[in-house]
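Peer 1:
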Amino acid sequence: MAPTRSSVLVSLGVLIAGVTKAASDVVQIEQTPNGFLSSPRGWNSYGIQTNPATNPEFQFDQAGVISQCDVLATTTALKDAGYVYCSLDSGWSVGDRGDDFGRIIYNDTIFDIPGLADHLHSQGLLLGVYVVPGAFHADEGKTILGTNVTIGSVCSGDNGLSRCNLDYSQPAVQQWFNSVVDQFATWGVDLIKLDYVTPGSPVNGATLPQDSSGEVIAYHKAIAQSNRQIRLDISWKLDRSQTYFEIWNANADSMRTDQDINNSGGTTFVAWEVLQRAIENYRQYIATVTQYGTTLTIYPDMDNLYVGNEAAITGVTDAQRQTIMTHWLGAGANLLLGSDLTKLDQFGLNLLTNPRALEVAEFTSRYPMLPRNPGTGENGPQQLQAWIAGPDAAGSAVVIIANYGPNQGQGSWETSKSGIQTVNVSLTDLGIAGTYGVVDVWANANFTVDDLGFSVELDEGQSVLYQLNP
Ligand SMILES: *[C@@H]1O[C@H](CO)[C@@H](O)[C@H](O)[C@H]1NC(C)=O
Ligand SMILES: *[C@@H]1O[C@H](CO)[C@@H](O)[C@H](O)[C@H]1NC(C)=O
Ligand SMILES: *[C@@H]1O[C@H](CO)[C@@H](O)[C@H](O)[C@H]1NC(C)=O
Ligand SMILES: *[C@@H]1O[C@H](CO)[C@@H](O)[C@H](O)[C@H]1NC(C)=O
Ligand SMILES: *[C@@H]1O[C@H](CO)[C@@H](O)[C@H](O)[C@H]1NC(C)=O
Numbered sequence: 003m004a005p006t007r008s009s010v011l012v013s014l015g016v017l018i019a020g021v022t023k024a025a026s027d028v029v030q031i032e033q034t035p036n037g038f039l040s041s042p043r044g045w046n047s048y049g050i051q052t053n054p055a056t057n058p059e060f061q062f063d064q065a066g067v068i069s070q071c072d073v074l075a076t077t078t079a080l081k082d083a084g085y086v087y088c089s090l091d092s093g094w095s096v097g098d099r100g101d102d103f104g105r106i107i108y109n110d111t112i113f114d115i116p117g118l119a120d121h122l123h124s125q126g127l128l129l130g131v132y133v134v135p136g137a138f139h140a141d142e143g144k145t146i147l148g149t150n151v152t153i154g155s156v157c158s159g160d161n162g163l164s165r166c167n168l169d170y171s172q173p174a175v176q177q178w179f180n181s182v183v184d185q186f187a188t189w190g191v192d193l194i195k196l197d198y199v200t201p202g203s204p205v206n207g208a209t210l211p212q213d214s215s216g217e218v219i220a221y222h223k224a225i226a227q228s229n230r231q232i233r234l235d236i237s238w239k240l241d242r243s244q245t246y247f248e249i250w251n252a253n254a255d256s257m258r259t260d261q262d263i264n265n266s267g268g269t270t271f272v273a274w275e276v277l278q279r280a281i282e283n284y285r286q287y288i289a290t291v292t293q294y295g296t297t298l299t300i301y302p303d304m305d306n307l308y309v310g311n312e313a314a315i316t317g318v319t320d321a322q323r324q325t326i327m328t329h330w331l332g333a334g335a336n337l338l339l340g341s342d343l344t345k346l347d348q349f350g351l352n353l354l355t356n357p358r359a360l361e362v363a364e365f366t367s368r369y370p371m372l373p374r375n376p377g378t379g380e381n382g383p384q385q386l387q388a389w390i391a392g393p394d395a396a397g398s399a400v401v402i403i404a405n406y407g408p409n410q411g412q413g414s415w416e417t418s419k420s421g422i423q424t425v426n427v428s429l430t431d432l433g434i435a436g437t438y439g440v441v442d443v444w445a446n447a448n449f450t451v452d453d454l455g456f457s458v459e460l461d462e463g464q465s466v467l468y469q470l471n472p
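First residue of the sequence shown: 3, per the working numbering; consecutive thereafter.
(1) What I want to know is whether the C-beta of Val326 ends up closer than 7 Å to one or more non-hydrogen atoms of ligand 3.
(2) Does DSSP classify Gly436 as helix, strand or coil?
(3) Using the three-state DSSP reduction, which class does Asp461 fall into: helix, strand or coil?
(4) Just checking, does the segment 332-345 make contact with the segment 293-312 on the three C-beta pairs under 8 Å criterion?
(5) Is it the case that the segment 346-356 contacts the segment 44-56, given that we only count it when at least three CB pairs across the two stretches are under 8 Å?
(6) Determine the contact status of Ala359 and Val440, defining contact as a CB-CB distance below 8 Å.
(7) Can you look up Met304 in the DSSP assignment and give me helix, strand or coil?
(8) Comparing the CB of Asn265 with every heavy atom of ligand 3, is any distance shorter than 7 Å?
(9) Under 8 Å: do the segment 105-121 and the segment 152-162 share three or more Cβ pairs, one atom per stretch?
(10) Under a Cβ-count criterion, where at least 16 other Cβ atoms within 10 Å of its own Cβ denotes burial, should Asn448 be classed as buried or exposed?
(11) If you draw a straight line from the alpha carbon of Asn283 to that of Thr259, how long is it in whole angstroms?
(12) Please name the residue or residues paired with Gln387 in a DSSP beta bridge.
(13) Taking buried to mean at least 16 other C-beta atoms within 10 Å of its own C-beta, is Leu460 buried or exposed?
(14) Checking 8 Å against the spacing of the C-beta atoms, do Lys223 and Tyr132 come in under that value?
(15) Kindly indicate the opening and closing residues of the alpha helix (DSSP H) around Ser215.
(16) Let's test the definition: count the other Cβ atoms within 10 Å of the Cβ of Ile281 and tell me whether it reaches 16, buried, or not, exposed.
(17) Roughly how far, in whole angstroms, is the beta-carbon of Leu129 from the beta-carbon of Ala75, given that I think they are within contact range, below 8 Å?
(18) Can you list, in chain order, the stretches of the beta strand (DSSP E) that have 3 or more residues and sit fully within the segment 136-209?
(19) Is Asp235 closer than 8 Å to Leu168 when the C-beta atoms are compared?
(20) Within 10 Å of its beta-carbon, does Asn124 have 16 or more other beta-carbons around it, so buried, or fewer, so exposed?
(21) Going by the C-beta, is Ile115 closer than 7 Å to any heavy atom of ligand 1?
(22) Could you tell me which residues DSSP puts in a beta bridge with Gln469?
(23) Ordered along the chain, which non-local residues of its own chain (more than five positions away) have a Cβ less than 6 Å from that of Ile115?
(24) Would you mind reading off the limits of the alpha helix (DSSP H) that contains Met371?
(25) Could you check what DSSP says for Arg358 in three-state terms: helix, strand or coil?
(26) Just curious, the alpha helix (DSSP H) that Gln412 is in, first and last residue?
(27) Should Gly407 and Ala399 be called a contact, given that it needs their Cβ atoms to be closer than 8 Å?
(28) Are there any heavy atoms of ligand 1 lying less than 7 Å away from the beta-carbon of Ile112, as far as the coordinates show?
(29) Tell me where the beta strand (DSSP E) around Ser256 begins and ends.
(30) Within this structure, are the beta carbons of Gly143 and Arg165 separated by less than 8 Å?
(31) What is the DSSP secondary structure of Tyr87, counted as helix, strand or coil?
(32) In the DSSP output, what is Phe365 paired with across the bridge?
(33) So Arg279 packs on Gly413, CB below 8 Å; how close in whole Å?
(34) If you draw a straight line from the C-alpha of Gly84 to the C-alpha of Gly44, how long is it?
(35) Using a 10 Å radius around the Cβ and a threshold of 16 neighbouring Cβ atoms, would you call Leu39 buried or exposed?
(36) So is the beta-carbon of Val96 under 7 Å away from any non-hydrogen atom of ligand 1?
Written as structure tokens, this is what we have:
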């Protein structure tokens, strides 16, 4: 991984700050490589795994996961809203070797993956698993299923994760991916989270090769030849240069735009400072990849959604939880909760299942939001920010206006305005004109807006989510 990466991003941010988007620039996301028209909704285990103090009783095993994911099935509002993925993070598989053919296997002292898949599927839920690049060192003497090729003859080096680096140009290597995914398909896997992909992923203690983009291509091909529809979610903070973005866009269904946002070893899940960074990373991501003229066929993954639990467990205020939900919705991002599903509160349930919010999600799965700075319409980093998704052919749009508060250190804006701020946003700033009926989603109130635009009072961390109809 190039050590200059963060400085490249910073200078890119500055460059983008000067670009004004034309009013006619509407960004759309088309069907993804593995055939999806929206991002996944559900739950991922990592939030609780890395912050066990949020739920000391939770064990990362079959019963523990079922105790969480059954909530998706038994809470009708969640299931009806499409929160159906139960996604296992790191730790479900045997960490140092595969089966007789070097295929990834589950740790059968803690999981029965086909049994878990059956349990989930019988309730209308879906199963996700987590993988990292490479084949196991311990398997180098084994033969890839359906070939006479040993893993050690097509896999070398050490990526620091008990694995060697596969030579993606070898046909037998594709056979290995096919054999892994075919076995996942027979178990009933519906989503694969592929972590540690480079360029992009921080080394994080591993010795990752510079470029494992071939892994993403190989998983995509393996999914395509399996007889199962499986999502591919790639991670983390993937390189946004055009060359690599086009690989992610052509092979994966969603891609991480930031590093992990969870607290680590905390008594709460997240901190506002890191949420500021996550939202800023989405701004950089969407402002960058929309310059390429490439049709978007991938959804952003802003990391797990930490909005389900009360402020004392989540780590941010209710207003900030609402702002998180608003931005994950606006971006069309994965809605995979990292919260403790056994302790959802009413406020969190409403954020997740509010019918108007779900309409917004449907809209932004086609039209992701773009930044439009209040007062200029440019797309740089701002403490007081506006965003627009659409308008679609009918002229409807979604508008978000936010006060992120003073930059706590990981945002890119330079202001530190404390307390309530008036944020004025004209329709010209947003690149639209006319008169619109506005639905204030969270306040459940309606009003009309004309060329004078919006003037909203927002405290630190607050935002509004509006649906606009001409
Ligand atoms: C399976 O999981 C248990 C419990 O976490 C762990 O002690 C054991 O080492 C794991 N086994 C393998 C083969 O990874
Ligand atoms: C593997 O080698 C054996 C013996 O040489 C041969 O009969 C078989 O067809 C080979 N299989 C593949 C898949 O190449
Ligand atoms: C989230 O957890 C991982 C693993 O514990 C850690 O490496 C990462 O730094 C955490 N994220 C934050 C923002 O603390
Ligand atoms: C914002 O708009 C309000 C109402 O139109 C106006 O009174 C106020 O002066 C504006 N504030 C700024 C900072 O432009
Ligand atoms: C707001 O307008 C929508 C139609 O755009 C309507 O369905 C809804 O009932 C209205 N809500 C209120 C609170 O008036």
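Ideal placement from N, C-alpha and C gives every residue a C-beta, glycine not left out.
Peer 2: The relevant details are as follows:
(1) One detail in the question is off: residue 326 reads as Ile in this sequence, not Val. Distances taken from the Cβ of Ile326 to the heavy atoms of ligand 3 include none shorter than 7 Å.
(2) coil
(3) coil
(4) Two segments are said to touch when three or more pairs of C-beta atoms, one from each, lie closer than 8 Å; by this definition the segment 332-345 touches the segment 293-312.
(5) no
(6) no
(7) coil
(8) yes
(9) no
(10) With fewer than 16 other beta carbons inside 10 angstroms of its own, Asn448 counts as exposed.
(11) 6 Å
(12) Ala404
(13) buried
(14) no
(15) Ser215 to Gln227
(16) buried
(17) Contact between Leu129 and Ala75 is ruled out by a C-beta separation of about 13 Å, above the 8 Å threshold.
(18) 165-168 and 193-196
(19) No, the pair does not count as a contact, with Cβ atoms beyond the cut-off.
(20) According to the sequence shown, residue 124 is Ser rather than Asn. The residue in question, Ser124, is exposed, as its Cβ has fewer than 16 Cβ neighbours within 10 Å.
(21) The answer is no for Ile115.
(22) Val400 and Val441
(23) Tyr108 and Trp189
(24) No alpha helix (DSSP H) holds Met371; DSSP gives it neither H nor E.
(25) Arg358: helix per DSSP, three-state reduction.
(26) Unbroken run through Gln412: none, as it is neither H nor E.
(27) no
(28) yes
(29) Ser256 to Arg258
(30) Between Gly143 and Arg165, the gap from beta carbon to beta carbon reaches 8 Å or more.
(31) The DSSP-derived three-state label of Tyr87 is strand.
(32) For Phe365, which the question treats as bridged, DSSP gives no partner whatsoever.
(33) 6 Å
(34) Gly84 and Gly44: Cα-Cα distance of roughly 7 Å.
(35) exposed
(36) yes
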